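Count the sequence shown with our numbering and you get residues 1 to 240, in order.
As structure tokens, the structure follows; a few thoughts come after it.
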Amino acid sequence: MRVIVCDNYEEVSKQAAKIVASQLVLKPDSVLGLATGSTPVGMYNILSEMNKNGEIDFKDVTSFNLDEYYPMAAEHDQSYRYFMNENLFNGININMENTHVLSGTTDDPEKECADFEKMIDAAGGIDLQVLGIGQNGHIGFNEPDTFLYANTHLTDLTENTIQANSRFFEKIEDVPTQALTMGIATILKSKRIIILASGSNKREAVTDLIEGEISTNNPASMLKVHNDVIVICDKEAYSK
Ligand code: GLP
Numbered sequence: 001m002r003v004i005v006c007d008n009y010e011e012v013s014k015q016a017a018k019i020v021a022s023q024l025v026l027k028p029d030s031v032l033g034l035a036t037g038s039t040p041v042g043m044y045n046i047l048s049e050m051n052k053n054g055e056i057d058f059k060d061v062t063s064f065n066l067d068e069y070y071p072m073a074a075e076h077d078q079s080y081r082y083f084m085n086e087n088l089f090n091g092i093n094i095n096m097e098n099t100h101v102l103s104g105t106t107d108d109p110e111k112e113c114a115d116f117e118k119m120i121d122a123a124g125g126i127d128l129q130v131l132g133i134g135q136n137g138h139i140g141f142n143e144p145d146t147f148l149y150a151n152t153h154l155t156d157l158t159e160n161t162i163q164a165n166s167r168f169f170e171k172i173e174d175v176p177t178q179a180l181t182m183g184i185a186t187i188l189k190s191k192r193i194i195i196l197a198s199g200s201n202k203r204e205a206v207t208d209l210i211e212g213e214i215s216t217n218n219p220a221s222m223l224k225v226h227n228d229v230i231v232i233c234d235k236e237a238y239s240k
């Protein structure tokens, strides 16, 4: 695992954008795995800017998002579909039909998840997966537990995650208690992974990721078995 420690959030965003941009230069029809949360927003802004300037092209790109709340309508302003449209897709020349976000309104979550896995395989697998990290070490919505799921699945959110994500909702009762998420194997099958973290509230999770042992209690630690992972964080999140 390579670790890039940046001075601040802006640098984290720039470094991450550089990696995504070079991926698109090397393979214009790349399959990207994308994340939501506040951390990748800076990177998405830079990528949108680069696309407007003609430096990078999303015309032939396919994307798969890590997760979606359940139940949650795509039109809801806290859905991850809405987030992606607002923060990236609407500002770049990607073909919307090639963007895939799990449906938070499906009445058959099992089928939705199985179809999602099939679509990723049919697209040739994910070339570059972008991840954030939860304060408790979750990736996507793979929460710390005594076991983890390999494939895309419906999961319960932990109190810690509901609390952390309540900042985006009017009241904590509005935060969904479940989500659909790629599983650990779905993520690890990606050819290359970058994981972004910023701020002191991520320090414990990032330190555990870099220095800790592999444990299902720290889902991000599973990334240690992958041979092409880059952690991009700022000094607040990791100072060693
Ligand atoms: C959510 C998402 C994760 C994300 C995490 C951290 O729970 N499911 O994919 O990494 O939040 O979000 P933030 O970047 O806002 O701290």
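Every residue, glycine too, gets a C-beta built ideally from N, C-alpha and C.
Just so you know, these numbers come straight off a predicted model, no measurement behind them.
Beta strand (DSSP E) segment containing Q63, residue limits: Along the sequence shown, read from residue 1 onward, the residue named residue 63 stands at position 63. A small correction: the amino acid at residue 63 is Ser; Gln does not occupy that position in the sequence shown. First-last of the beta strand (DSSP E) with S63: T62 to N65.
Buried or exposed by the 16-neighbour rule on C-beta atoms within 10 Å, applied to K118: One-based indexing of the sequence shown puts residue 118 at position 118. Burial check for K118: the Cβ neighbour count within 10 Å stays below 16, so the residue is exposed.
Counted within 10 angstroms of its Cβ, other Cβ atoms place A17 as buried (16 or more) or exposed: The residue given as residue 17 occupies position 17 in the sequence shown. Buried, by the Cβ-count rule.
For L66, the nearest candidate out of G104, G199 and Q15 (CA to CA): In the sequence shown, residue 66 corresponds to position 66, counting from 1. Comparing Cα positions, the closest option is G104.
Status (buried if at least 16 other CB within 10 Å, exposed otherwise) for P28: Translated into positions along the sequence shown, residue 28 becomes position 28. Flag for P28 reads exposed.
Cβ-heavy atom distance, I184 to ligand 1, below 7 angstroms: Position 184 of the sequence shown, counted from the start, is the residue given in the question as residue 184. For ligand 1, not one heavy atom lies less than 7 angstroms from the Cβ of I184.
Neighbourhood of D156 by C-beta, 6 angstroms cutoff - its chain only, sequence neighbours within 5 removed: In the sequence shown, counting from the first residue as 1, residue 156 sits at position 156. Excluding the 5 residues flanking it on each side, D156 has same chain C-beta neighbours closer than 6 angstroms at Q178, in chain order.
Chain-ordered list of residues that sit, by beta carbon, closer than 6 angstroms to a heavy atom of ligand 1: Selection output, chain order preserved: A35, T36, G37, S38, T39, L66, D67, G132, I133, G134, G140, F141, T161 and N165.
Beta-carbon proximity list for S48, same chain, < 8 angstroms, skipping 5 on both sides: To locate residue 48, count along the sequence shown from 1; it is residue 48. Taken in chain order, the residues that qualify are L88, G91 and I92.
Residue span of the alpha helix (DSSP H) that contains E15, given as start and end: As a working mapping, residue 15 is identified with position 15 in the sequence shown. According to the sequence as given, residue 15 is Gln; it is not Glu. That run of the alpha helix (DSSP H) goes Y9 to L26.
Validate contact between the region 161-174 and the region 224-237 using beta carbons, cut 8 angstroms, 3 pairs: Cβ pair count under 8 angstroms is below three, so no.
Nearest candidate by alpha-carbon position, reference D174, set V225, Q78 and L32: For the purposes of this step, residue 174 is identified with residue 174 of the sequence shown, where counting begins at 1. Cα-wise, what sits closest to D174 is Q78.
Where the alpha helix (DSSP H) containing L188 begins and where it ends: Reading the sequence shown from its first residue, position 188 is the one you call residue 188. Bounds of the alpha helix (DSSP H) holding L188 are I184 to L188.
For Q78, the three-state DSSP class (helix, strand or coil): By 1-based counting over the sequence shown, the position of residue 78 is 78. It is coil, neither helix nor strand.
Beta-carbon gap between N218 and D208 smaller than 8 angstroms: Position 218 of the sequence shown, counting from 1, holds the residue named residue 218. Position 208 of the sequence shown, counting from 1, holds the residue named residue 208. Taking 8 angstroms as the Cβ cut-off, N218 and D208 qualify as a contacting pair.
Inter-residue Cα distance where the pair is T152 and Y70: As a first step, residue 152 is located in the sequence shown; it is residue number 152 there, counting from the start. As a first step, residue 70 is located in the sequence shown; it is residue number 70 there, counting from the start. Approximately 13 angstroms, taken between the alpha carbons.
Exposed unless 16 or more other CB atoms sit within 10 angstroms - verdict on R81: Within the sequence shown, residue 81 is the residue found at index 81, counting from 1. The residue in question, R81, is buried, as its Cβ has 16 or more Cβ neighbours within 10 Å.
Cβ neighbour criterion (16 or more within 10 Å) applied to K189: Within the sequence shown, residue 189 is the residue found at index 189, counting from 1. K189 is buried by the Cβ-count criterion.
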